[in-house]
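Everything below concerns the one structure shown next.
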Amino acid sequence: MNDIISDNAFYLGGLYVNFKQSSPFTAFLLTIFLSISALPQNPTVTKSLPGTQSRPQIGERKVSTDKIQEDFHEALSLIEQNYVAGKKLNYNDVFKSSIDGMLHTLDPHSNYFDAKEFEQFRTEQSSRYYGIGATIGDLSDPDGKVIATYIRATFDGAPAHRAGLRYGDKIVEINGTSVLGKAFPEVRNMLRGPRGTVAKLVVERQATGKREVVEITRDAVPQPSISQAYMIRPGIGYIGMTGGFNQTTYAEFVDAMRSLKAKGMTQLILDLKDNGGGLVGQAYRVANTFLSAGQTVFTQKGRIEGVTEPYRADNTKPETMPVVVLVNRNSASASEILAGALQDHDRALIVGETTFGKGLVQNPFVLDHGSMLLLTIAKYETPSGRLIQRDYSNGNLYDYYTGGGVGRDDEEQVTPKGPESRTDTGRAVYGGGGIAPDVPVKANTIPIEQVRFQAKLNNPVFAFALDLAYGRVSGFETYKVDKPITFGYDIAEKDFPITEPVYQAFRNYAVSKYKFNAAQVDKERKFIERALRTELVTAAYGTTTSFQILSELDNQLMKAIDALPQARALAMAGERAKQTRLRQNMNQ
Numbered sequence: 000m001n002d003i004i005s006d007n008a009f010y011l012g013g014l015y016v017n018f019k020q021s022s023p024f025t026a027f028l029l030t031i032f033l034s035i036s037a038l039p040q041n042p043t044v045t046k047s048l049p050g051t052q053s054r055p056q057i058g059e060r061k062v063s064t065d066k067i068q069e070d071f072h073e074a075l076s077l078i079e080q081n082y083v084a085g086k087k088l089n090y091n092d093v094f095k096s097s098i099d100g101m102l103h104t105l106d107p108h109s110n111y112f113d114a115k116e117f118e119q120f121r122t123e124q125s126s127r128y129y130g131i132g133a134t135i136g137d138l139s140d141p142d143g144k145v146i147a148t149y150i151r152a153t154f155d156g157a158p159a160h161r162a163g164l165r166y167g168d169k170i171v172e173i174n175g176t177s178v179l180g181k182a183f184p185e186v187r188n189m190l191r192g193p194r195g196t197v198a199k200l201v202v203e204r205q206a207t208g209k210r211e212v213v214e215i216t217r218d219a220v221p222q223p224s225i226s227q228a229y230m231i232r233p234g235i236g237y238i239g240m241t242g243g244f245n246q247t248t249y250a251e252f253v254d255a256m257r258s259l260k261a262k263g264m265t266q267l268i269l270d271l272k273d274n275g276g277g278l279v280g281q282a283y284r285v286a287n288t289f290l291s292a293g294q295t296v297f298t299q300k301g302r303i304e305g306v307t308e309p310y311r312a313d314n315t316k317p318e319t320m321p322v323v324v325l326v327n328r329n330s331a332s333a334s335e336i337l338a339g340a341l342q343d344h345d346r347a348l349i350v351g352e353t354t355f356g357k358g359l360v361q362n363p364f365v366l367d368h369g370s371m372l373l374l375t376i377a378k379y380e381t382p383s384g385r386l387i388q389r390d391y392s393n394g395n396l397y398d399y400y401t402g403g404g405v406g407r408d409d410e411e412q413v414t415p416k417g418p419e420s421r422t423d424t425g426r427a428v429y430g431g432g433g434i435a436p437d438v439p440v441k442a443n444t445i446p447i448e449q450v451r452f453q454a455k456l457n458n459p460v461f462a463f464a465l466d467l468a469y470g471r472v473s474g475f476e477t478y479k480v481d482k483p484i485t486f487g488y489d490i491a492e493k494d495f496p497i498t499e500p501v502y503q504a505f506r507n508y509a510v511s512k513y514k515f516n517a518a519q520v521d522k523e524r525k526f527i528e529r530a531l532r533t534e535l536v537t538a539a540y541g542t543t544t545s546f547q548i549l550s551e552l553d554n555q556l557m558k559a560i561d562a563l564p565q566a567r568a569l570a571m572a573g574e575r576a577k578q579t580r581l582r583q584n585m586n587q
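Sequential numbering from 0 applies to the sequence shown in numbering that gives the first Met the number 0.
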């Protein structure tokens, strides 16, 4: 949930320093010292502990980086000489925790990244990771013991797809190490690795039962911002922008819009649920698609020269179709900027739950030794002047991220409690706590006990789907998937329907093979039918297409479809307000 001021990390003055000390940790020290010296100091004087030498308190002397450095050196030296595990100190952890502790006294979103974390951060911002490019999952036996990890799907153009891996292939070995019985997270970590390295797999083909050696050279695997883009109803396009705002987000959005328009899209649902933010420039470009030249997208207010300024749209021919934007409590930072801009200009109807409430701007300051400081340098305001950021003055990070943020338990709709602002048409909106939806809709939930039971059913579902997909269930040969994945497919009702005979065949399988009783299975019939169809669609069309099945059960999405006429009326009112303002400005 960090907003980045630019699309690439860059240097801002003062953080590159020539270090002359010879100790291994001095590269980190001065960064800490320079920052701490700028903080207000507590003048309170405390008594020394019995048996210790009284020393001047910070409030009694002039604070300088030299004195702070002296204290830090002394504290570290005492730790090295006296701490029970002093000879086993992890210096990276010591300094990282020191810097993190300092930063978290400032705000919840300033962070320090060591060299490894910084490299991972840059990889994520580039919308990719390095590996073979496959979705995997494990299968357990009736006693709950993991049998093996299997290929569930490959990605278009990824190394695993080029190597011919298919749905249901059992992974037996990776680089000479048996992975039978290992859970998929461990197997996944073994499959990932540096670009250009080789993963030598032994796989057991589901189609033949024969084992083959497959060598795959690891490469960049896309992690797109847009998980889905398809026609959810005639004339209604759906874009699931749930993967954050990364370097490829706007380009993905342009491609999705072009494709959906070619399929007849005249109305759009833009899904920002669970979008934690990212590169602000990318959010600006998406907002610019729908706003007219001169309309403010957001304003930054900070202390660094050039940071306090409004960012205005420059689009002379914006999109005019009705738009509904879906948000929830996990929508944060850049996604809130986008939703807030479209709401303030009455350009889109916001549906869902009040967003997280993160409106701070972070800038990456690259340090020596490959580390990075992500420091808050400004705050965001929406076009109407609303602050998005929630209050964090009590300094309790746990409360900030759980009780007040993504973990909050809303019995009723949460609304920001800040000052009132007005949209272009005069509607009241409020700052100080995220973006409140125009149409509140809580997500459907089920009891945790039911979730756990459904998780147990996933094993017979996957095992039975394997038999169906490979034609091993007598009488259901039409469900056989005997070709590679067809990517970019929009599913239809006729694709892999779970009919009464199919359900009964699964019911008998779950009872006989996995020892469920019939009543337990029947109680979860809707879940089973959905899960079975998802598996078969995954085998034929890939993971992305299979998400379309789950979308039909999203009550917030279904409400968004129903609300499109309201979005159309709102957009028309917003356009009238804009034209009225233009005429007023011309007459002045």
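Heads up, the beta-carbon is just placed ideally off N, CA and C, and yes, glycines get one too. Note that the structure is a prediction, hence the values are computed from the model and not measured.
- [ ] Assign Asn89 to buried or exposed, taking buried as 16 or more other Cβ atoms, counted over all protein chains shown, within 10 Å of its Cβ.
- [x] For the purposes of this step, residue 89 is identified with residue 90 of the sequence shown, where counting begins at 1. Counting Cβ neighbours within 10 Å, Asn89 comes out exposed, since fewer than 16 surround it.
- [ ] Leaving out five residues on either side along the sequence, give the residues of the same chain with a beta carbon under 8 Å from the beta carbon of Asn586.
- [x] Here the question's residue 586 lines up with position 587 in the sequence shown. The same chain holds no residue with a CB closer than 8 Å to that of Asn586 once the five nearest residues on each side in sequence are set aside.
Task: CB-CB length for Val296 against Ala340, believed under 8 Å - done: Along the sequence shown, one-based indexing puts residue 296 at 297. Along the sequence shown, one-based indexing puts residue 340 at 341. Their Cβ separation, rounded to whole angstroms, is 5 Å, which keeps Val296 and Ala340 in contact under 8 Å.
TODO: Report the rounded CA-to-CA distance for Phe117 versus Phe364, giving the unit in angstroms.
DONE: Taking the first residue of the sequence shown as position 1, residue 117 is located at position 118. Taking the first residue of the sequence shown as position 1, residue 364 is located at position 365. CA-to-CA, the gap between Phe117 and Phe364 works out to about 11 Å.
Task: Met230: first and last residue of the uninterrupted beta strand (DSSP E) it sits in - done: Position 231 of the sequence shown, counting from 1, holds the residue named residue 230. Gln227 to Arg232 is the span of the beta strand (DSSP E), which, as asked, contains Met230.
Open item on the list: Using the three-state DSSP reduction, which class does Leu200 fall into: helix, strand or coil?
Closed with: Position 201 of the sequence shown, counted from the start, is the residue given in the question as residue 200. Three-state result, Leu200: strand.
Task: Enclosing alpha helix (DSSP H) for Thr543 [first to last residue] - done: By 1-based counting over the sequence shown, the position of residue 543 is 544. Thr543 -> alpha helix (DSSP H) spans Thr542 to Ser550.
Open item on the list: Helix, strand or coil, according to DSSP, for Met371 in the structure here?
Closed with: Here the question's residue 371 lines up with position 372 in the sequence shown. If DSSP states are grouped into helix, strand and coil, Met371 belongs with the strands.
Task: Own chain, CB closer than 8 Å to Ala464, minus 5 neighbours either side, in chain order - done: On the sequence shown, position 465 is the one that residue 464 refers to. Here the set comprises Leu531, Glu534, Leu535 and Ala538.
Open item on the list: Does the structure place the stretch 415-425 close enough to the stretch 130-141 that three or more beta carbon pairs sit under 8 Å?
Closed with: No, they do not touch.
TODO: Taking Phe71 as part of the alpha helix (DSSP H), name the residues at either end of that continuous run.
DONE: Taking the sequence shown and counting its residues from 1, one reaches residue 71 at position 72. Segment Thr64 to Asn81, the alpha helix (DSSP H) holding Phe71.
TODO: Taking only the alpha-carbon atoms, compute the straight-line gap between Val145 and Asp437 and give it to the nearest angstrom.
DONE: By 1-based counting over the sequence shown, the position of residue 145 is 146. By 1-based counting over the sequence shown, the position of residue 437 is 438. The alpha-carbon separation between Val145 and Asp437 amounts to approximately 46 Å.
- [ ] Using alpha carbons as the reference points, say which of Tyr399, Val322, Ile303 and Lys525 lies closest to Ile376.
- [x] Position 377 of the sequence shown, counting from 1, holds the residue named residue 376. When only C-alpha atoms are compared, the closest one is Ile303.
Open item on the list: To the nearest angstrom, how far is the alpha carbon of Pro233 from that of Thr207?
Closed with: Translated into positions along the sequence shown, residue 233 becomes position 234. Translated into positions along the sequence shown, residue 207 becomes position 208. Going by C-alpha positions, Pro233 is about 41 Å away from Thr207.
Task: 7 Å CB neighbourhood of Arg204 in its chain, flanking five on each side removed - done: For the purposes of this step, residue 204 is identified with residue 205 of the sequence shown, where counting begins at 1. Taken in chain order, the residues that qualify are Asp168 and Glu211.
TODO: Evaluate Ile173 with the Cβ neighbour count: other Cβ atoms within 10 Å of its Cβ, from every protein chain shown; 16 or more gives buried, anything less gives exposed.
DONE: Position 174 of the sequence shown, counting from 1, holds the residue named residue 173. Ile173 comes out buried.
Open item on the list: Would the stretch 258-276 count as touching the stretch 312-325 if we require 3 or more Cβ pairs under 8 Å?
Closed with: Because the criterion of three Cβ pairs below 8 Å is met, the stretch 258-276 and the stretch 312-325 touch.
Task: Under the three-state DSSP convention, the category Pro223 falls into - done: Walking along the sequence shown from the start, residue 223 turns up at place 224. Secondary structure of Pro223 (DSSP, three-state): coil.
Open item on the list: Just verifying my parser: in three-state terms, what is the DSSP assignment at Pro415?
Closed with: Taking the sequence shown and counting its residues from 1, the one referred to as residue 415 is at position 416. Reduced to three states, the DSSP call for Pro415 is coil.
Open item on the list: By the three-class DSSP mapping on this structure, what secondary structure does Ala159 have?
Closed with: Start at 1 with the first residue of the sequence shown, and residue 159 comes out as number 160. Secondary structure of Ala159 (DSSP, three-state): helix.
Open item on the list: Using 9 Å as the threshold, is the C-beta distance between Ala312 and Gln299 below it?
Closed with: The count along the sequence shown starts at 1 and reaches residue 312 at position 313. The count along the sequence shown starts at 1 and reaches residue 299 at position 300. No, the pair does not count as a contact, with Cβ atoms beyond the cut-off.
Task: Ala377 - partner residues in DSSP beta bridges - done: Translated into positions along the sequence shown, residue 377 becomes position 378. In the DSSP assignment, Ala377 forms a beta bridge with Gly301 and Val360.
TODO: Please confirm if the stretch 217-226 is in contact with the stretch 157-166, defined as three or more CB-CB distances below 8 Å between the two stretches.
DONE: The stretch 217-226 is in contact with the stretch 157-166.
Open item on the list: Using 9 Å as the threshold, is the C-beta distance between Pro589 and Ala435 below it?
Closed with: Residue 589 is absent from the model: the chain starts at 0 and stops at 587.
Open item on the list: On a Cα-Cα basis, can you pick out the residue from Ser224, Glu551 and Ile527 that is closest to Ala491?
Closed with: Counted from its first residue, the sequence shown places residue 491 at position 492. Residue nearest to Ala491 within the set Ser224, Glu551 and Ile527 is Glu551 (criterion: CA-CA distance).
Task: Beta-carbon proximity check, Val440 vs Gly351, cutoff 9 Å - done: Looking up residue 440 in the sequence shown gives position 441. Looking up residue 351 in the sequence shown gives position 352. For Val440 and Gly351, yes; Cβs fall inside 9 Å.
- [ ] Please state if the CB of Ile131 and the CB of Leu556 are separated by a distance shorter than 9 Å.
- [x] Stepping through the sequence shown from its first residue, residue 556 is reached at position 557. Stepping through the sequence shown from its first residue, residue 131 is reached at position 132. Contact flag unset, no.
Task: Which of helix, strand or coil DSSP assigns to Asn110 - done: Taking the first residue of the sequence shown as 1, we reach residue 110 at position 111. Strand at Asn110.
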